[in-house]
Amino acid sequence: MAAEGARFENAFSTPVCTPTRALVLTGIYPNRNGFSW
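For what it's worth, our numbering labels the leading residue of the sequence shown as 265, then goes sequentially.
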């Protein structure tokens with residue numbers, strides 16, 4: 265993500281939201297990386 269212009273110093277999401285955490289860690293939308301509720 266940093267190569268494309270997004271760099272996070274700190275990133276937070278609710279602990280119960282696995283798709284959001286996967287998005288923050290990988291930069292890939294949850295519907296594309298296989299994570300779901």
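Think of the CB as a built atom: it goes at the ideal place given N, C-alpha and C, for glycine as much as any other residue.
Sequence-distant residues of the same chain with beta carbon closer than 7 Å to residue i, five excluded per side
i, result
"THR282", "PHE299"
"GLY269", "none"
Contact check, residue i vs residue j, beta carbons under 8 Å
i, j, result
"ALA267", "VAL288", "no"
"ASN297", "ALA286", "yes"
Secondary structure of residue i, DSSP reduced to three states
i, result
"GLU273", "coil"
"THR278", "coil"
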